[in-house]
Amino acid sequence: MSEQQPELRWAPIPPAPKRRGRIWLIVGLSVLAVAIVITLLVLFLPRGGSAEPSPSPSSSPSPTPSATPTQTPTPEPTPTPTPETSPPPVADPDLDTFTTLVQPRLDDAVTGLGFLPGMSGQEAAQIVDQLQQDAERLADSVAPSSIATEWSNAVADYASKLVSLRSAIDSGASTGAPLTAASNSLQALRALVGL
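Structure representation (C-alpha cells):
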C-alpha cells in the first residue's frame, strides 16, 4: 500500500503581462507637458524683433506719392493760464528744535578750530574747508523767526572769519589772529542758540 506521489515536472513560468499601454501613457503625458511649456514660453516671453517695422532696403516698383502742403486754417490754441504754485512756507521751528539741529555742526566747529593751532599747510586747509562747508549748511538752516536776522548775520560773520583764516593758511602767514577771530565769532554763534 503505497501512496502515490504526484510526479514533479518543471514547467515554464507564465510570461508577464505586457505593459505597453503604460509606456505609451507616460510618453504621451511627457509630450503634452513639453507642448504646454513651449506654448507658455511663446505666449509670455517677448519676441526678439522690434515692435516698429523697419524700412526695407529694396526699392518699390511703384512711385510713392509725395505730400503736398495744403492751406488749411489751423485753429490756434487758446492759452490757458497756469496757476502759479509757490512752495509751502517752511514751518518756523522753535528754538530747542533748532538748537538740536545745529548743535552737531557747532560742536564740530569747536573741535576743528581746536585742532588748528598745532597744524599747518594742507592739513589745516582741509579742516578749514570742512568748517566752511559746515558754515554754508548752517546758513541754509531755517532759524526761528525770533533769532532769524541775528542768526543770519552771525553765520555770515563766522564764514567771513573762516575765509580770512584760510587765506592766512594759504599764504603761510601767522594764523593766530584769524583763528582767535573765528573762535570768537563761533562762540557768539553758539551763544545765540544757547550753547
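By full-length UniProt numbering, the letter at position 102 of the sequence shown is numbered 102, and the numbering carries on one by one without gaps.
Even glycine gets a Cβ: it sits at the ideal position worked out from N, Cα and C.
Predicted model only: the values in this text are computed from it and were never measured.
- Counting other Cβ atoms within 10 Å of its Cβ, Trp24 stays below 16 and is therefore classed as exposed.
- DSSP, reduced to helix, strand and coil, places Gln133 within a helical segment of the structure shown.
- In this structure Leu116 touches Ala124 by the C-beta definition: roughly 6 Å separates them, less than 8 Å.
- Membership of Glu7 in any alpha helix (DSSP H) is not indicated, and neither H nor E is assigned to it by DSSP.
- For Leu192, the enclosing alpha helix (DSSP H) has its first and last residue at 176-192.
- With respect to the 9 Å criterion, Ala182 and Lys161 are classified as neighbours on the basis of their beta carbons.
- Non-local C-beta neighbours of Gln132 in its own chain, meaning closer than 6 Å and more than five positions away in sequence, comprise Leu162, ordered along the chain.
- Rounded to whole angstroms, the gap between the alpha carbons of Gly194 and Asp107 is 13 Å.
- Ile38 has its alpha-carbon roughly 10 Å from the corresponding atom of Phe44.
- For Val142, there is no enclosing alpha helix (DSSP H), as DSSP marks it with neither H nor E.
- Collapsing the DSSP output to three states places Asp170 in a helix.
- In the three-state DSSP reduction, Leu45 falls in the coil class, being neither helix nor strand.
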